[in-house]
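Under UniProt numbering, the sequence shown has 200 at position 200, and the numbering climbs by one with no breaks.
Built from N, CA and C at the ideal position, the CB exists for glycine as well.
Keep in mind it's a predicted model, so treat the numbers as computed, not measured.
Reviewing the structure listed below.
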Amino acid sequence: MHGTRVYRLTVAGSEGNGSARLRHEYSRRNPFNCDSTRYLVQTTNGYWYVFDANTFQQINQGGVNGSIPGMAGDCEAFWHPTDPNKLWFTAQNGGMSFSEYDLTTGTSKTLFNLTGKLPPGFEATGRCSTLSEGRPSNDGRYWALACRQSVSFAYIGTIVYDREEDEVIGWALGGNWPNNVTISPRGNYVVFGADFSNGGASSGNYVMPRDAKSNSGYVPVSHKAFNQPQHMDTALGPNGEELLVYLAYDEDAGYLRAYDMATQASFRLPLTLYPTSGEACGAHISGIISEKRPGWVIVSTYASYANYGSQRPAATCRYMYDRVMAVELKPAGRVLHIAEHHSSGGPYFNEPQATSNSDGTRIVWASAFDGRAGAGSDNTESFMVGLPSFAIPDA
């Protein structure tokens, strides 16, 4: 599209495990290391693999069929913010410690251990994680982690951990079980992505200062950013503001909005998912690009429908449907079309869930590439567009 070459980053089953799926993890995670020379992908059966970002070839790490030893399933995998050869991860579904894996030696060591460091009331904690969708601050110092029991997975509360000082500096004990938690890009705020299925009139999406301390849940020490539990991500604004970018399906007629965590003000962005009566589509948001390209997010849309859901996909091709776009974080900002992802958006792992490296020169999405010979409903792979550094302008 637009004369831009699309690269196929993965080939499902090529890792030797017979996996039907080989793709990047999610829109809110950066698949690339800090210098964009390596990328991280996962298979259907939970193994993790490292690939060379120039040759698109797997780099054998010595585990099963060359996978990374010790990493399995939902293990909160993050690249080191400054060392291109190191990865951070924890136990599957969360643990009491995080490890650091060195690609050059094939060995792991403890990054930090939370045992004995949690505040009163958190004694039953056996699992700490972002609940699959969060990430640490851009510099890797601050972490917001939901704490759960080991066996029952019951939610206990959320902590804020300072990796530099090796201590918990904030917490919210009890309260509604959030859908996910994350820290803001500069580490100043905790974002609770709430889920209405957990009940309670206080359900919503909340922002809490990192040093807040509450034994009555996060609501008393937070401010509500918005009501609906929709896809969202954190990002840096044009002037370095810490923003929460979200889909306002009911709040603002399907427009994307940005919420300033410091001022508590929000504004509409120039993209709606409700183009006309009875039509809509879904979307994911990635703020990874804003680390080095502040004022932008990557948005990928999917699963369009018309006639209030009775016709899927929508018969009319509209500019926001089935696209990967860069959206400027300004009220009258620009929307830059990057690619068409050629995926129906179903089942779940066929959703494009586009993301990028930290400067937006590598933009990745998942697709079964509908219509391609041999493609099935869940033969999902990752694809990429490479852009020059000037392609996405300063905001």
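Can you give the beta carbon distance from residue i to residue j, rounded, assuming they're within the 8 Å contact cut?
i: R362; j: S36; result: 6 Å
i: A391; j: P238; result: Actually they are not in contact, since the Cβ atoms of A391 and P238 sit about 17 Å apart, beyond 8 Å.
i: A235; j: L329; result: 6 Å
i: V327; j: L271; result: 5 Å
i: A146; j: S129; result: 6 Å
i: P31; j: V364; result: 6 Å
i: G16; j: N65; result: 4 Å
i: N180; j: L103; result: The Cβ separation is near 28 Å, so there is no contact.
i: G94; j: R127; result: 3 Å
i: residue 397; j: A248; result: Residue coverage of the chain in this structure runs from 1 to 395, which leaves residue 397 outside it and unanswerable.
i: M320; j: L9; result: At roughly 25 Å, the Cβ-Cβ gap does not stay under 8 Å, so M320 and L9 are not in contact.
i: F51; j: Q57; result: 7 Å
Answer yes or no: do residue i and residue j have a C-beta to C-beta separation smaller than 9 Å?
i: F98; j: F112; result: yes
i: E242; j: S184; result: yes
i: Y246; j: N205; result: yes
i: L114; j: I159; result: yes
i: E291; j: D233; result: no
i: A303; j: H341; result: no
i: R261; j: Y161; result: Residue identity differs from the one stated: residue 261 is Met in this sequence, not Arg. No, these two residues do not count as a Cβ contact at 9 Å.
i: W79; j: N33; result: yes
i: T380; j: L40; result: no
i: P294; j: G240; result: yes
i: I288; j: N357; result: yes
i: G116; j: G157; result: no
i: residue 408; j: P352; result: With the chain covering only 1 through 395, there is no way to say anything about residue 408.
i: P178; j: D195; result: yes
i: S19; j: G70; result: no
i: Q228; j: D211; result: no
i: A306; j: Y274; result: no
i: S222; j: F192; result: yes
Compare the Cα-Cα distances from residue i to each of the options and report the closest residue.
i: A368; options: V335, D322 and S222; result: D322
i: S214; options: L9, A172, Y249 and G240; result: A172
i: S382; options: Q92, F267, A91 and H24; result: H24
i: I68; options: Y49, G3 and P81; result: Y49
i: L87; options: V335, M96, T110 and N65; result: T110
i: G121; options: G140, D83 and G175; result: G175
i: E123; options: A354, L387, Y348 and Q149; result: Q149
i: G187; options: G140, D195, P393 and M325; result: G140
i: C281; options: H231, Y218, F192 and R5; result: H231
i: Y47; options: N54, R163 and G73; result: G73
i: residue 398; options: P331, T276, H337 and V297; result: The structure shown does not extend to residue 398, since the chain is modelled only from 1 through 395, so no value can be given for it.
i: V151; options: T125, E164, Y142 and E167; result: T125
i: V11; options: V297, L118, N307 and T44; result: T44
i: A265; options: R318, V207 and V297; result: V207
i: Q92; options: C75, G106 and T105; result: C75
i: A77; options: E100, M96 and G63; result: E100
i: N54; options: G63, R38 and G62; result: R38
i: R5; options: A339, V297 and T105; result: A339
i: L118; options: D166, S203 and P347; result: D166
i: H337; options: V297, G62 and T182; result: V297
Which of helix, strand or coil does DSSP assign to residue i?
i: G360; result: coil
i: F226; result: strand
i: P220; result: helix
i: V11; result: coil
i: V64; result: helix
i: F349; result: helix
i: I392; result: coil
i: Y302; result: strand
i: Y39; result: strand
i: F369; result: coil
i: L387; result: coil
i: S290; result: helix
i: G170; result: strand
i: G309; result: helix
i: E251; result: coil
i: D211; result: coil
i: N45; result: coil
i: H284; result: strand
i: W177; result: coil
i: D233; result: strand
i: S343; result: coil
i: A258; result: strand
i: D52; result: strand
i: C147; result: strand
Contact the region 249-266 vs the region 313-320: 3+ CB pairs below 8 Å: no
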